[in-house]
Every structure is written in C-alpha cells, then in structure tokens.
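Novice: Residue numbers (this note's numbering): -12 to 513. Every residue gets a Cβ at the ideal spot worked out from N, C-alpha and C, and that includes glycine. This one's a predicted model, so the numbers in the text were calculated from it and none came from an experiment.
1. Go ahead and pull the three-state DSSP assignment for residue 398.
2. On the premise that residue 63 lies in contact with residue 104, defined as a C-beta separation below 8 angstroms, what is that separation, rounded to the nearest angstrom?
3. Identify the continuous beta strand (DSSP E) that holds residue 355 and give its terminal residues.
4. Using 8 angstroms as the cut-off, can you tell me whether the stretch 66 to 73 makes contact with the stretch 153 to 160, which would need three or more C-beta pairs spanning the two stretches below that distance?
5. Report, in whole angstroms, the separation of the C-beta atoms of residue 344 and residue 309, which I expect to be a contact under 8 angstroms.
6. Beta-carbon separation of residue 55 and residue 235 under 8 angstroms?
7. Mind reading off the beta-carbon distance from residue 80 to residue 140? Whole number of angstroms is fine, and I expect it under 8 angstroms.
8. Taking DSSP as the reference, what is the three-state secondary structure of residue 40?
9. On the DSSP bridge assignment, give the partners of residue 360 in chain order.
10. In the DSSP assignment, the beta strand (DSSP E) including residue 303 goes from what residue to what residue?
11. In chain order, what residues of the same chain have a beta carbon less than 7 angstroms from the beta carbon of residue 255, not counting five sequence neighbours either side?
12. Given a cut-off of 8 angstroms, decide if residue 406 and residue 40 are closer than it, judged by their beta-carbon atoms.
13. If I follow the unbroken beta strand (DSSP E) through residue 170, where does it start and stop?
14. How is the beta strand (DSSP E) around residue 434 delimited, first residue to last?
15. Grab me the residues of residue 172's own chain with a C-beta within less than 6 angstroms of its C-beta, minus the 5 sequence neighbours each way, in chain order.
16. Contact check, residue 182 vs residue 147 under 8 angstroms by CB: the rounded distance?
17. With a threshold of 16 other CB atoms inside 10 Å of the CB of residue 373, please say whether the residue is buried or exposed.
18. Quick check: what's the CA-CA separation for residue 268 versus residue 397?
19. Nearest CA to the CA of residue 431: which residue from 324, 379, 197?
20. Over what stretch of residues does the beta strand (DSSP E) that includes residue 426 continue unbroken?
21. To the nearest angstrom, report how far apart residue 423 and residue 356 are at their CA atoms.
22. Taking only the alpha-carbon atoms, compute the straight-line gap between residue -3 and residue 9 and give it to the nearest angstrom.
23. DSSP state of residue 374, grouped into three classes?
24. Going by DSSP, what residue range makes up the alpha helix (DSSP H) through residue 205?
25. Can you check DSSP and say which residues form a bridge with residue 66?
26. Please report the straight-line C-alpha distance between residue 21 and residue 294, rounded to a whole angstrom.
27. Less than 8 angstroms separating the beta-carbons of residue 301 and residue 251?
28. Can the beta-carbon of residue 88 be found closer than 8 angstroms to that of residue 49?
29. Taking the straight line between their C-alpha atoms, what separation do you get for residue 108 and residue 364?
30. Cutting at 6 angstroms between CB atoms, please list the residues of its own chain near residue 377, excluding the five before and the five after it.
31. Could you check what DSSP says for residue 58 in three-state terms: helix, strand or coil?
32. Roughly how many whole angstroms lie between the Cα atoms of residue 117 and residue 321?
33. What is the residue span of the alpha helix (DSSP H) that residue 149 lies within?
34. Checking the sheet assignment: what are the DSSP bridge partners for residue 192?
35. Taking residue 399 as the reference, which of 457, 32, 411, 124 has the closest Cα?
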C-alpha cells in the first residue's frame, strides 16, 4: 500500500537577482482535500489546547461534560464507569466518577451516546469494560429490577461499609478499608453497566463494536511485508479501533458551545497520571496484581493490590471550528454500523452547524482529522506519518517520535530510503552551490517508547529497532536471543551426533524483558 500517492508537486520560480526561491512544505494529506471531494478537509478555524497527561486532559473532559447542554458522544477503546477524572484523597471514590458524570448529564436532559470497543473474537485481552467484560460477580447485585435511581459511587461505598460493620464478627468481613472500596467499586461498575445495557439510565445509550476481519485482512494484503499465518490471525481477529474522540454539544445553539477531543487517553483508570509520573502516587489507582496466567488471559485477580504504573499520553481539545465536523461524521458512521444500520459509504454531515463554519482568526490552528479505518479503506494516519518522515529526512535537523508501539518496520525502512535519496541528491548537486559532501546537515532521530507490553510485541519491536541499528538498546532481548541461538546450535549439534541429520531449531520468542528501550537517539549520517 503506497503512502506516496498523496504527494503534490510544486513549481518554484528562482529570483534571477538574488538566486533564491521560496516554496512550501506539505504537512497534510492534500489529495484528501480536493474541491468537491474533500474526504479529509483541511480546516483553519480551530482553537486547540494540548494536554500531555491524564490529570489535565481528564479534568478538562470532566468540566466540559459537566457543562454539556444537549449532547455527549464518546468513542472509547475501553470504558471504566468507576474511574475518577478529577481526584482528591486516597480511597475510591476520590471524586465524582465517569459513570456518575454521565448519569448526571442524562438526568438534566443531555443525550449521551457511548460507543465502546468489544472484541467478540479477540479474547479477554480486547475487552476493557470493568463490570461488564470482567468483575461481573460483585459482593452485591440487585436481582431483577435494578435500583437505577440509587446507582451512585458514594452509595456503593456506604452500603458495603454498613454491611461490613454489621458483620464485623465474621472473619471474612474483617477487612481493610481499601479492600472494601475495591469491592464497592466492582459492585458500582456492574450495576452501572447492567442499567446502561437495559436502557434504564436516563438519556444514556450504549453500543459496542468489533473489528471487520475481512477489511483488516484486505488491508494486510496491500502491505509490503506480509504477516505469517499466526500473526495474520492475531491481526484480523484481535485488531482494534484505537479511536477515542469525544464530541460535546455539536449542534447546540448552531455549534456555539461545540467542543471535541482527539486523544490517546483511554477512558480507563490506568491512564490517569500526573505530569511528574511518580512511580508511587496514591492518586493513581491501586490496581489488582495479577498472576502470569491471569495476565495472559486478561483476567483480574482480587485483593492483591499494587499501584498502577505511570502513563504518559496526550489529549487535544478542539474548541469550535470545522475540524469538529469530521469528528461528528466519524461518530455517526460508527454508531450506525454498531447498531446494524450503517451504510457501506462514509457518513456525511449535510448541514453542519453554522458557527463551525466561521472564518479563521488570530490564534486559530490548521487541522486535518486523519484515521485508520479499514472498512472505508482509510489509512491517512499512515500517510501523515510517512509524509512527516519525508519532510524531516529532507533536512529539518531532527525527527522526534513518541509512540506506545514501535513495531512497524516499514516505517523504519521508509526513513532510511528517503534519507538516502536526500543524500544522493546532495552529492549530485552540492558542488553547484559551492558545498561539499561534509556540509550536508545531519538528521538526528529521537524515538521514545515504553517496554513492549506483551511477549508477542517483542520480536516486531526488536526488528524495527534493528532496521535503524538500535536493537542493542533492548539489552535483555539481545542476551536472550544470543542464549537461544547458542542453545539451538547445541541442540542441532546433538541431533546430528545422535541422528546424523540436521534439525531446524529456530530460536523461540522470549518473554518480555525488563531492560526496555527508554529512548534511542540515532544520528543518521549516511
């Protein structure tokens, strides 16, 4: 699948007197903004605020939800009703929960639509709805009619404290406050989801969606590096939409109060963190420690608490502006598909709110909403990644990247290929402008990634780093590969000795390593 098709050409005229010329850099997928067929419009009248941690991002979301007047549309990879977006104190609930925020919005007449990822074929790893996909057997749950009007985080905690006090003579109820809070949280989430799916929460509608394995498989066929059978099955059955946009009051008063979010932050308590990212922070969730078997199965243990790890992620808030229109279209199309009534064609907003069409003014930003959407053959995120890499390789000085995953070897090869073209062009023409080969500006590449989350992610991460010559940053992985290869040679030699025939014993995939690549700085000077 080519990501160069979107590139434009530009005719540049050189001033004969000064011998200089001025051209523009292409930052956007401009072919998607063609007049009459702007599938991904480039918009100029957007006010942006970027939050670089969960504390600030979730606080802004909580404020906007609390002020919503007409509509709240949320797309989530996972949704945790029990997470607190703003936190004070040490024991759950430390403030109003996400679930209670939405309940309050629905009761004051706001239409709330929640679209959550739910993989029917991807196993427990792709199910992140505590109280619905797991934690479904709390200490207390209503039988029959759910006490909808009484679903509230503080009430759940009060109920279990009263029960523990009344039964304190029993050993099983002589437990600490944080464990009681964890049990109350589980009961709250379970009750919340039961009521939501029963359409008993006023104003709140909820739908789940899964991936389209056929579309994912088709997209893989266009990749230059074809996955093997095992990996293809993992991709097609376990592939997920990591879209997490939020759109509030899109059409209220012709869009005057419209606000949206495009972000990496998941609506899960794991993603709440401060900018300091301290290892121990009582405001982060006290998660449940899991056994290796439970981790592999995506199952949560019980009452063995540990502080969840620090997380760094981003949220971009868009206030007004045309960029909110494609956010609305993305949601409406996905919502209809999840309800079984979606069209094969992308949803188009025929009459956008007039305020969103205002002229750009000082302080506004230019924005293009891009996606990965196999169902619509939309891979504009890849186009933007490859284009930014091409621009950087042309001599911007440096390329800085942060990503939760660093497993796309084609990107690393693209970086090297475009840089080689730049160097070749410089070598052909530098003498004409009185320069030497040594005058070529060096491109510095900085890549910041976390340790691979799962064993399956290690080989792809290693290979992508190896393409850039940085595989030795994964010191534990290198040692494991060396040991595995050494053992394979020993076993092969033993097989020849006893059976007289060579046996193909390739090194198996090691388990995740603790020595992770925190950052890799690559000075490309080819």
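Specialist: Reading from the atomic positions:
1. helix
2. 7 angstroms
3. 352 to 355
4. no
5. 7 angstroms
6. yes
7. 4 angstroms
8. coil
9. 365
10. 302 to 306
11. 65, 67, 70, 115
12. no
13. Per DSSP, residue 170 belongs to no beta strand (DSSP E); it is in the alpha helix (DSSP H), 164 to 184.
14. 430 to 435
15. 69, 79
16. The pair is not a contact, with the Cβ atoms about 18 angstroms apart (cut-off 8 angstroms).
17. buried
18. 38 angstroms
19. 379
20. Looking at the DSSP string, residue 426 is not in any beta strand (DSSP E), and its letter there is neither H nor E.
21. 41 angstroms
22. 11 angstroms
23. helix
24. 200 to 208
25. 254
26. 50 angstroms
27. yes
28. yes
29. 22 angstroms
30. 405
31. strand
32. 22 angstroms
33. 140 to 153
34. 100
35. 457
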